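Have a look at the structure below before the remarks.
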Amino acid sequence: MKQNNVEFDTYFKDYPNEAGFFGKYGGSYIPPELQKAMDEITEAYFTICKSSKFVSELRRIRKEFQGRPTPISYLEKLSGTVGHVQLYVKREDLNHTGAHKLNHCMGEALLAKYMGKKKVLAETGAGQHGVALATAAAYFGLDCDIYMGSVDIKKQAPNVARMKILGANVIEVTDGLATLKEAVDAAFSAYCREYKDAIYCIGSVVGPHPFPMMVRDFQSVVGVEAREQFLSMTGELPDAVVACVGGGSNAMGIFSGFLNDPVDIYGVEPLGRGASLGDHAASLAYGSEGIMHGFNSIMLKGEDGEPAPVYSVASGLDYPSSGPEHAFLRDIGRVKYDVVNDEETIDAFFTLSRLEGIIPAIESAHAVAYATKLAKKMGKGSILINLSGRGDKDMDYIIEKYGIR
Ligand SMILES: *Cc1c(COP(=O)(O)O)cnc(C)c1O
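Numbering (our numbering), first residue to last: -13 to 391.
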């Protein structure tokens, strides 16, 4: 299949190119000191991760530890509310630790082990990535340093406790606003000092090359499984695939299974409280080209050209940029990006829980909300939604802010 001169038969061999570009997006914009570390990871990725030993070990871990493959569930009652469209969910909420993030953390930590590193390090905002990485580090017997802003440490006490119970060091960052951006800066500078013994594990398809490619490839297990499962359940492919986009890793995971198929693909960004800057985190919908955290992509900027403050009801989606591959897939028209707001999302959160017995993460509820709107437009056919995670982590927030509906 071909679109805008991009050949999808060979897409994964062609993109990104050797320098890590998807068209003009991606690349590596970092200090020379850090570039050495990235080159080492890229080199290791193409040798170690492509070896049959690594591939079969990761497959075994996915099955025996993570509980993969995760199933696809048919949403009979929710489908009944949208006319003649059949809705299905890929159940990443049933992946160990309750979300898709462990898919790439296990890959990154296994690579660290093969490279002879003693430690993995990363930043975390809401703590979801920190918990997934701490889990992977415990499994492989690696040290784990998680950098976290002091504001987030206060807000996310249960995840801080989880990381500590799993044996990770949670390192408090007090600079600036003391949230995710400062935590990223602190983790990057720690990595500059420690890269001989440690590897940096990014939490999404963002950051300098090779991370957007590597995280996509580790997440592609979701799309590979989903395509096969959907075919065997229904005898055909879905008409549409829908996923929420923060950095974009769960979306790239499921999208990668369907890019070369006649399937419409939709990425859903959070519109939050509305379309004014500061009220949402819909970078692909409202942003412009720019560089942050070592890569070129589409981002939300303030008047000073710096990353703008963003907001979403889902703390996993409030990132001012998106992975470079999403920017590329948007420009060539292969994936459509659209938005849903907080209110539509919270409605979908309660509806899915009540009708289907699945409490979704608020992030994932964005995809569910969009799929029900899309279904009403489509009139017939089928939609596969990536349910990126479960909602246990959101209970306190939901009860406090919305009560029980
Ligand atoms: C972190 C998170 C996301 C957002 O990250 P992506 O890289 O965009 O997938 C979405 N859903 C859940 C459940 C998460 O924990």
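All C-beta atoms in this analysis are idealised placements derived from N, C-alpha and C, irrespective of residue type, glycine included. Keep in mind that this is a model prediction, so the values were computed, not measured.
Item, Value
"Opening and closing residue of the alpha helix (DSSP H) in which Gly209 lies", "Phe197 to Thr220"
"By C-beta, the residues closer than 5 Å to any heavy atom of ligand 1, given in chain order", "Ala85, Gln114, Ser190, Gly232, Gly233, Gly234, Ser235, Asn236, Gly302, Ala347, Glu349, Ser374 and Gly375"
"Start-to-end residues for the alpha helix (DSSP H) that takes in Met93", "According to the sequence displayed, residue 93 carries Gly and not Met. Lys87 to Tyr100 is the span of the alpha helix (DSSP H), which, as asked, contains Gly93."
"C-beta atoms of Ile151 and Tyr100 nearer than 8 Å", "no"
"contact_flag[the segment 286 to 295, the segment 202 to 220] where n(CB pairs < 8 Å) is 3 or more", "no"
"Bridge partner(s) assigned by DSSP for Ile277", "Asn282"
"Per-residue DSSP class, three states only, for Ala5", "coil"
"Exposed unless 16 or more other CB atoms sit within 10 angstroms - verdict on Asn(-9)", "exposed"
"Distance between Ile157 and Asn246 (C-alpha atoms, nearest Å)", "43 Å"
"Proximity test, Leu338 beta-carbon vs ligand 3 heavy atom, cut-off 7 Å", "Ligand 3 is not part of the structure shown, which contains ligand 1 as its ligands."
"Minimum C-alpha distance to Thr110 - residue among Ala347, Asp171 and Ser350", "Asp171"
"Pairwise C-alpha distance: Asp161 and Glu180", "20 Å"
"Nearest-angstrom beta carbon gap, Leu373 and Ser350 [assumed within contact, 8 Å]", "5 Å"
"Anticipated Cβ contact below 8 Å, Leu73 with Leu61, distance rounded", "4 Å"
"Cβ separation of Lys76 and Leu370, assumed to be a contact under 8 Å, to the nearest whole Å", "6 Å"
"Three-pair Cβ contact test at 8 Å for the segment 193 to 201 versus the segment 127 to 141", "no"
"Length of the line joining the Cα atoms of His90 and Ala347", "18 Å"
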